[in-house]
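To keep things clear, I will list the structure first and then write my remarks on it.
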Ligand code: TYD
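Residue numbers (the numbering used here): 232 to 626.
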């Protein structure tokens, strides 16, 4: 029997990606208690009481992976590596979103699975073979009957959104060739703990994975990690290359090094998480202090990049319209709406930052470099950013 111990309580949180329309502002928003725990047996870190996928991932889903140059480049680079190293004839992507990854391959070689039909349609309309389905055994069987087995499965920032990991890998085993490869990429728990990015926890992120946690699931399915890449993406992600145990690909040193790094940091010990929770509480106090001081000085603050992550921060730290006048964002489906819970207006990014703005709260801190490059003028004119990681500060 596995035993889960909660170590962090992020309070009542709305659905992280549920941007509100004007006519929803006066309606009561459903909120969920967000607690985070460690499974003492598997070492998986997850949120309590996950919400049904259908409530979170449906035809209103606003997220588009093509909204950042960083993601587009990362997918392009990985595609080159896949073509060179693994030469797959058939690739399946779980969580293909708007097709930013599969578009790097010939259409006839790819299959996309994406439950949010609004984004799935974008990829389908470009001529790709996509299924508006959740990843589970019945989807795997359906795809198998129509397309046969696949040589490579890729999934970025999706497996951590699925509660039933056993079903994820059982379904993968149905459709993956004997010598097939799985590549999974998700935010790294070690980086989250080190950088105090507690906003990696929100109702869609059911898990924040460590290598050790993933290994505990894989071993049940005769799968193993043979390589790990540490990526800068989303504040520090890991890309795991996985194979069947019988496949003789050698295990790269990176696996041993990463496992050791996690053990040395204390990823298996509850005391590590108790310390993390203390740092999170102190981060909240510091962030609120920064906002209060700036507002006392009558500074104009806006938000930049409204993210599921920022939903956690704003609601946990109780930062609303009093502090942030509005957010700007490039995603059409978020514009002219309001942030979940705190109801801060979101406007279309106008291509520049208004002259009167003194400070920007960086909701999309994970794209800091990309955004700083874009906002050279704001920075040159003395504009400053507020960021919460690794400790809340003005930069
Ligand atoms: P992301 O961090 O990918 O989202 P989440 O926490 O929900 O997984 O979202 C980044 C958001 O920032 C996305 O809505 C697009 C926006 N954005 C801008 O508005 N301008 C930019 O230059 C960049 C890079 C992102």
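Quick reminder that beta carbons are idealized off the backbone N, C-alpha and C, glycines included.
field: Span separating the alpha-carbon of residue 307 from that of residue 384
entry: 16 Å
message: Measuring only from the beta carbon, is residue 428 closer than 7 Å to any heavy atom that is part of the ligand TYD?
response: no
query: Looking at residue 266 and residue 240, is the spacing between their C-beta atoms short of 8 Å?
result: yes
- request: Measure the C-alpha to C-alpha separation of residue 560 and residue 410 and round it to an integer number of angstroms.
  value: 42 Å
field: Nearest residue (CA-CA) to residue 439, options 592, 236, 489, 269
entry: 269
- prompt: Does the Cβ of residue 430 have 16 or more other Cβ atoms within 10 Å, making it buried, or fewer, making it exposed?
  reply: buried
message: Using CA atoms only, rank isn't needed, just tell me which of 242, 390, 279 is closest to residue 441.
response: 390
- request: Following the continuous beta strand (DSSP E) through residue 457, name the residue where it begins and the one where it ends.
  value: 454-462
task: Starting from residue 324, follow its DSSP beta bridges and name the residues at the other end.
output: 343, 385
field: Of the residues 470, 290, 260, the one placed nearest residue 345, counting alpha carbons only
entry: 290
Per DSSP, cross-strand counterpart(s) of residue 439: 276
query: If you draw a straight line from the C-alpha of residue 278 to the C-alpha of residue 237, how long is it?
result: 9 Å
query: To which residues does DSSP link residue 469 through a beta bridge?
result: 417, 461
message: Pull the bridge partners of residue 534 from the DSSP assignment, please.
response: 558, 592
- prompt: Can you give the beta carbon distance from residue 577 to residue 614, rounded, assuming they're within the 8 Å contact cut?
  reply: At roughly 20 Å, the Cβ-Cβ gap does not stay under 8 Å, so residue 577 and residue 614 are not in contact.
message: If the criterion is Cβ atoms closer than 8 Å, does the pair residue 247 and residue 435 meet it?
response: yes
When 379, 534, 445 are compared against residue 321, the one with the closest alpha-carbon: 379
message: For chain D, check one thing: does any of its Cβ atoms lie closer than 8 Å to the Cβ of residue 524?
response: Chain labels in this structure do not include chain D; a single protein chain is all it has.
- request: Within the same chain, show all residues whose beta-carbon is closer than 6 Å to that of residue 394, passing over the 5 residues directly before and after it, in chain order.
  value: 281, 437
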